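Asks: Top to bottom, those sequences are chains A and B.
For the first sequence, the positions run 739 to 1033 when our numbering is used.
For the second sequence, the positions run 739 to 1033 when our numbering is used.
Protein chains: 2
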Amino acid sequence: MSQATTQVQSDLDRLLPVLDAALTLPFRHGDAQLLGEAVRYSLEAGGKRVRPVLCMLACEAVGGTPAQALPGALAMEYVHTYSLIHDDLPAMDDDDLRRGRPTNHKVFGEGHAILAGDALLTEAFGVLATAELDPAQRALALALLAEGAGWRGMAGGQALDLEGETLAAYDLDHLRLIHRLKTGALLRASLEIGAVLGGATPSEQAALRAFGEAIGLAFQIQDDILDATATDADLGKRAGKDAGRGKITYPSLLGLDGARKALDEATETALCHLASLPNRNSLAAWARYLALRAK
Amino acid sequence: MSQATTQVQSDLDRLLPVLDAALTLPFRHGDAQLLGEAVRYSLEAGGKRVRPVLCMLACEAVGGTPAQALPGALAMEYVHTYSLIHDDLPAMDDDDLRRGRPTNHKVFGEGHAILAGDALLTEAFGVLATAELDPAQRALALALLAEGAGWRGMAGGQALDLEGETLAAYDLDHLRLIHRLKTGALLRASLEIGAVLGGATPSEQAALRAFGEAIGLAFQIQDDILDATATDADLGKRAGKDAGRGKITYPSLLGLDGARKALDEATETALCHLASLPNRNSLAAWARYLALRAK
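(1) Does the contact criterion of 3 or more C-beta pairs under 8 Å hold for the region 926-936 of chain B versus the region 794-801 of chain B?
(2) Quick test of the definition: if touching needs 3 or more C-beta pairs under 8 Å, does the region 820-840 of chain A touch the region 832-841 of chain B?
(3) Counting only beta-carbon atoms, is V1036 of chain A nearer than 8 Å to chain B?
(4) Below 8 Å, how does it come out for the region 766-777 of chain A and the region 886-906 of chain B: are there three or more Cβ pairs, yes or no?
(5) To the nearest angstrom, report how far apart N842 of chain A and Y816 of chain A are at their CA atoms.
(6) At the 8 Å Cβ level, is R890 of chain A part of the contact set with chain B, yes or no?
(7) Consider the Cβ of M830 of chain B: report whether some Cβ of chain A lies at a distance smaller than 8 Å.
(8) Excluding the five sequence neighbours on either side, which residues of its own chain have a C-beta within less than 7 Å of the C-beta of I916 of chain A, listed in chain order?
(9) Please classify T921 of chain B: is it buried, with 16 or more other beta-carbons within 10 angstroms of its beta-carbon, or exposed?
(10) May I ask you to verify whether the region 992-1008 of chain B touches the region 952-967 of chain B, counting CB pairs closer than 8 Å and requiring at least 3?
(11) Are the region 777-790 of chain B and the region 1005-1020 of chain B touching, with three or more C-beta to C-beta distances below 8 Å?
(12) So, is P1060 of chain A buried or exposed, given that buried needs 16 or more other C-beta atoms within 10 angstroms?
(13) One question on the structure: do L924 of chain B and H824 of chain B come within less than 8 Å of each other, judged by their Cβ atoms?
(14) Are Y779 of chain B and V845 of chain B closer than 8 Å when you measure CB to CB?
(15) Shorter than 8 Å from the beta carbon of P873 of chain B to some beta carbon of chain A?
(16) Kindly list, in the order they appear in chain A, the residues whose Cβ is closer than 8 Å to that of F765 of chain B.
(17) Does the beta-carbon distance from L880 of chain A to A867 of chain B come in below 8 Å?
(18) Report yes if the C-beta distance between E951 of chain B and L1015 of chain B is below 8 Å; otherwise report no.
(19) Over what stretch of residues does the alpha helix (DSSP H) that includes P989 of chain B continue unbroken?
(20) Sort out for me which residues DSSP pairs P840 of chain A with in a bridge.
(21) Does the beta carbon of R876 of chain A sit closer than 8 Å to a beta carbon anywhere in chain B?
(22) Applying a beta-carbon distance threshold of less than 9 Å, which residues of chain A neighbour V777 of chain B?
(23) For A760 of chain B, collect the residues of the same chain with a Cβ closer than 7 Å to its Cβ; drop the 5 residues on either side in sequence, then sort them by chain order.
(24) Between which two residues does the alpha helix (DSSP H) carrying R947 of chain A extend?
(25) Is there at least one Cβ from chain B nearer than 8 Å to L859 of chain A's Cβ?
(26) Please determine, among A:C793, A:A938, A:P764 and A:T939, the residue with the shortest C-alpha to C-alpha distance to L750 of chain A.
(27) With DSSP as the reference, label G864 of chain B as helix, strand or coil.
(28) Return the CA-CA distance between M814 of chain B and L781 of chain B, expressed in angstroms with no decimal places.
(29) Excluding the 5 residues preceding and the 5 following A742 of chain B in the sequence, name in chain order all residues of the same chain whose CB lies nearer than 6 Å to its CB.
(30) So with Cβ pairs under 8 Å, would you call F949 of chain A a contact of chain B?
(31) Anyone know if the C-beta pair for A857 of chain B and G888 of chain A falls short of 8 Å?
(32) Which class does E782 of chain B belong to by DSSP, given the choice of helix, strand or coil?
(33) Among A:A927, A:G802 and A:A944, which has the Cα closest to the Cα of N1017 of chain A?
(34) With a cut-off of 8 Å, does the C-beta of G852 of chain A fall near any C-beta of chain B?
(35) Helix, strand or coil: which one does DSSP assign to A869 of chain B?
(36) For the region 744-758 of chain B, which residues have a CB atom closer than 7 Å to at least one CB atom of chain A, in sequence order?
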């Protein structure tokens, strides 16, 4: 096991219990029981919890504690989970399988899947609005979340991605734009919100924003590489689906070797941005780990 | 023209220009142009703007100005518009017509309609997170918005409403629960957020919450009555659709006369809750107007 993997595993052992204890709390007692069940189904599907863990690690990197970042970490996982549920819908990527299980709409129906996503997105803001936080940190975290998730971020990127399937002219710049919005914006927000909740200085916050931007790019390139090279069983979801529908990806534009080179560059850029931070070991390990992950 | 209608018209003449000048601003300049267009299409479809206007009037009722409530008013209209776009989808109410025009997914496709709703919901929180507001008022307004829109509010009510179509046992209590969540929660939040942003005392805030609860009920009863009695052309949407699909409504449970009596009672209850407020004339007129509206 590499040093990065050991560090990542030790962070997960520390942080996941904190996260998991709180994750489904807002969806346990209420009138809309079936909708709550649909929400919990997707929250409990597991997954790598990359965004909430990065949020807590960013908080630690600037001298805060994981508990300080918890409302931000929960918000990131709610937004990420909502985006998966909506992206899997027939009108979007039309996927039947996610993390090795039937997708939300396959189990609960499309109407409830749409509403489960809506409820998760709403609760992401709710958890930050109601947590005990410094008022300035709260406002900034909420603004960063809205920026990362909305029209100028993830939702906009998903729209461009949908449109891209019918686009004739499509180059590397356009691919980068889509991924900067679709994947990068939320990863960046995870880091930046963690920094804010940890009381980062403006320059620390900017460094973690840039780190988030770079690992967002690396993450997406690796996703495309895995889609082109792994099997369904490896991924727990349908492999080769992008190539299969003629979708433009990093490997299709740069070749597999070119995509691997771009992945290495993005990871190196990410590591450079950590140089000035007091506690950077975990984030550096995660950057290396994400570039090497097999699913 | 009745006194209530005159007052409502004068409020609209005053408040709609303030609202309309700001409404589409966050969706004008960005990379995801088609998604922005989809969002603006639904925002510009007009409608009665009941929620944002009530938000500003609640602010005035406790001594504030409409401008103080503007971030809350925008947030309410964003959430309301998102809910219409998602509710019209084939997986939900499957409507082709809204406010006399094709529904969002008929024009932009289902994928973009889902994302347009997602972007609007996100921006509702974004506008409150970034406006110049007193920190305590900001946090409370955001928490009320999340409560009104989410699993314990509107989204939960819409899920119960979807489930209701296949439910065997269905009584007045269950119908009230659905409407309290589906329609009432957001109307109540509009009033309460307006009150908070106007610097309401706790008892004023509670009065406006109760007023919102009562007019939410009245609004839904009148919606059901209109669905049973008006034509498509009257409503600008499909009339008789609830009755047509065997959906339980106030007229189907109470008869048309019983429903009208329940509407009068809810309106009277609403008016009682205004008694202690300094500037209550506009809200009283709106309560009467909403119970008499023809669409």
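Heads up, the beta-carbon is just placed ideally off N, CA and C, and yes, glycines get one too.
Bear in mind that the values here come from a model prediction, so they are computed numbers and not experimental data.
Replies: By the coordinates alone:
(1) In short, these stretches touch, since the Cβ pair count reaches three.
(2) no
(3) Any property of residue 1036 of chain A remains undetermined from this structure, which presents chain A solely from 739 to 1033.
(4) Short answer: they touch.
(5) In a straight line, the C-alpha of N842 of chain A is about 14 Å away from that of Y816 of chain A.
(6) yes
(7) yes
(8) G895, L898, D899 and G902
(9) buried
(10) yes
(11) no
(12) Because chain A here runs from 739 to 1033, residue 1060 of chain A falls outside it and cannot be looked at.
(13) Taking C-beta atoms as the reference points, L924 of chain B and H824 of chain B fail to come closer than 8 Å.
(14) yes
(15) yes
(16) Scanning chain A for C-beta atoms nearer than 8 Å to the C-beta of F765 of chain B yields W889, reported in chain order.
(17) yes
(18) no
(19) For P989 of chain B, the uninterrupted alpha helix (DSSP H) run begins and ends at Y988 to H1011, by DSSP.
(20) A:L835
(21) yes
(22) W889
(23) L808 and L812
(24) Note, R947 of chain A: alpha helix (DSSP H), P940 to T967.
(25) For L859 of chain A, the answer is yes, since a Cβ of chain B falls inside 8 Å of its Cβ.
(26) A:C793
(27) Secondary structure of G864 of chain B (DSSP, three-state): helix.
(28) The alpha-carbon atoms of M814 of chain B and L781 of chain B are separated by roughly 12 Å.
(29) A1023, R1026 and Y1027
(30) no
(31) Going by C-beta atoms, A857 of chain B is nearer than 8 Å to G888 of chain A.
(32) coil
(33) A:G802
(34) Checking the sequence, you will find Ile at residue 852 of chain A rather than Gly. So, interface residue.
(35) Of the three classes helix, strand and coil, the one that applies to A869 of chain B here is coil, per DSSP.
(36) none
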